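Before any comments, here is the structure.
2 protein chains.
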Amino acid sequence: MQLSNSSQYAIRILAYMADQKDSELMNATELAEVLDIPYKFLAKIMTELVKVGLVVSIRGREGGYKFEKKTSEIMVSDILDIFNDSIKDEQCVLGIGFCNGMCKCALHDQWMEPKHLLQKMFRESSLEDIAGRGCKI
Amino acid sequence: MQLSNSSQYAIRILAYMADQKDSELMNATELAEVLDIPYKFLAKIMTELVKVGLVVSIRGREGGYKFEKKTSEIMVSDILDIFNDSIKDEQCVLGIGFCNGMCKCALHDQWMEPKHLLQKMFRESSLEDIAGRGCKI
DNA sequence: GTTTAATTCTACCTTTAAGTAGTAATTATA
DNA sequence: TATAATTACTACTTAAAGGTAGAATTAAAC
Numbered sequence: 326m327q328l329s330n331s332s333q334y335a336i337r338i339l340a341y342m343a344d345q346k347d348s349e350l351m352n353a354t355e356l357a358e359v360l361d362i363p364y365k366f367l368a369k370i371m372t373e374l375v376k377v378g379l380v381v382s383i384r385g386r387e388g389g390y391k392f393e394k395k396t397s398e399i400m401v402s403d404i405l406d407i408f409n410d411s412i413k414d415e416q417c418v419l420g421i422g423f424c425n426g427m428c429k430c431a432l433h434d435q436w437m438e439p440k441h442l443l444q445k446m447f448r449e450s451s452l453e454d455i456a457g458r459g460c461k462i
Numbered sequence: 326m327q328l329s330n331s332s333q334y335a336i337r338i339l340a341y342m343a344d345q346k347d348s349e350l351m352n353a354t355e356l357a358e359v360l361d362i363p364y365k366f367l368a369k370i371m372t373e374l375v376k377v378g379l380v381v382s383i384r385g386r387e388g389g390y391k392f393e394k395k396t397s398e399i400m401v402s403d404i405l406d407i408f409n410d411s412i413k414d415e416q417c418v419l420g421i422g423f424c425n426g427m428c429k430c431a432l433h434d435q436w437m438e439p440k441h442l443l444q445k446m447f448r449e450s451s452l453e454d455i456a457g458r459g460c461k462i
């Protein structure tokens, strides 16, 4: 019951970037070191974030990554969507395809409340919101 | 963000068995058919459930599986534990190892409430509780 | 122009989860 | 005792996630 490594890494990367307002361009080497994420894996993730338009990359010497959109407009759920990791409204905790009002799984009722809270946490937390929180890693 | 197939299957199997109070012994062929779970995979899961002592198996002709403990004494979290799928108190939603009061991740505060609800759902739901719920699958 | 520091691309390797196959062991029943 | 029905064991295959390697591309700086 947890997020994929890619999602976890991506959120940590972007939250860290959002926290470093001063230095507008950040490169992969530095991010990998500070956040203790394998460099090549981080680079792969960054390429995905660029493709999907969350950040832009500046190639070549003195290059790096910066946000394409305002951090207040990027929600955690947007990041999870990239790695197919967000919680869909119709997601059943026991994985049956037809779990709904008519025919529901044994945990259907108990699942509703935590599901909604998780969705709320992911959908209503922007990078700006969470950037200041916790330690800078 | 979901349980492993093994956990999902195991919960569905045991909830179904708990629901069939009358027929005390259930065999793998029937369970696999009714629950639409690959037979060999189900058999592998049942062997784990036997090893860990939740159910006992009767081998040979007319054999099958039945509960070893009362269904009111088996919690969903006991099942998740078998497949290392339950939510630990110290589990960080962003996967950092040292997420606590001193140094916490960017989502630490938001994660507390849904985490506790999930733990509550898993720890406080017994098979007896959930057996009657929903459809019989 | 050459060098250098950076991203990007393609392809691969490793680990884990998920699922399958075949056979041995067990036991009620005929 | 033979048979059929059942679980248990061992080993394999497949698919997906996680991670790595190396070369190509880009562009600033010298």
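As they're listed, the protein sequences go chains A and B.
Positions in the first sequence are counted from 1; adding 325 to them yields the numbering used here.
Positions in the second sequence are counted from 1; adding 325 to them yields the numbering used here.
Built from N, CA and C at the ideal position, the CB exists for glycine as well.
Bear in mind that the values here come from a model prediction, so they are computed numbers and not experimental data.
Comparing alpha-carbon positions, which option in the options lies nearest residue i?
i               : options                           : result
D274 of chain B : B:P363, B:I455, B:E349 and B:L379 : Outside the displayed span of chain B (326 to 462) sits residue 274 of chain B, for which this structure offers no information.
G389 of chain B : B:S348, B:D403, B:M400 and B:K395 : B:S348
G422 of chain B : A:L356, A:D361, A:L339 and A:A343 : A:D361
M400 of chain A : A:N330, A:Y334, A:R458 and A:R448 : A:R448
K369 of chain B : B:C428, B:L443, B:I404 and B:S331 : B:S331
S411 of chain B : B:K346, B:L443, B:Q435 and B:C460 : B:L443
R458 of chain B : A:K346, A:F408, A:K365 and A:H433 : A:H433
Cutting at 7 Å between CB atoms, please list the residues of its own chain near residue i, excluding the five before and the five after it.
i               : result
S397 of chain B : S451 and E453
K445 of chain B : none
From residue i to residue j, what distance separates their C-alpha atoms?
i               : j               : result
I336 of chain A : R384 of chain B : 50 Å
E415 of chain A : A431 of chain A : 15 Å
L328 of chain A : K391 of chain A : 24 Å
R386 of chain B : N352 of chain B : 10 Å
V375 of chain A : D344 of chain B : 50 Å
E455 of chain B : A340 of chain B : For the record, residue 455 of chain B in the displayed sequence is Ile; it is not Glu. Approximately 7 Å between the Cα atoms of the pair.
C428 of chain A : K413 of chain A : 18 Å
W436 of chain A : F408 of chain A : 23 Å
I462 of chain A : K346 of chain A : 14 Å
C460 of chain A : E438 of chain A : 29 Å
Take residue i and list the residues in its own chain whose beta-carbon comes closer than 6 Å to its own, dropping the five residues that flank it on each side.
i               : result
N425 of chain A : none
C417 of chain B : C424 and C430
S382 of chain B : V375 and Y390
T372 of chain B : none
L350 of chain B : G389 and K391
M342 of chain B : M351
Got a sec? Which residues, its chain only, sit under 8 Å from residue i by beta carbon, not counting five neighbours each side?
i               : result
K394 of chain A : G378 and L379
L367 of chain B : Y334, I338, A353, L356, A357 and L360
P363 of chain A : A357
D403 of chain B : L379
K440 of chain B : I412, Q416 and V418
(message) Against chain A, which members of the segment 350-374 of chain B pass a CB distance test of less than 7 Å?
(response) none
(request) Mind checking the segment 379-392 of chain A against chain B and listing, in chain order, the residues whose C-beta falls within less than 7 Å of any C-beta there? (result) none
(request) Ignoring anything shorter than 3 residues or poking outside the segment 383-438 of chain B, list the beta strand (DSSP E) runs there in chain order. (result) 389-392
(message) At a CB distance below 9 Å, what residues from the segment 326-340 of chain A approach chain B? Give them in sequence order.
(response) M326, Q327, L328, S329, N330, S332, Q333, Y334, I336, R337 and A340
(request) Taking only runs that begin and end inside the segment 333-363 of chain B, name each unbroken alpha helix (DSSP H) of 4 or more residues, in chain order. (result) 353-360
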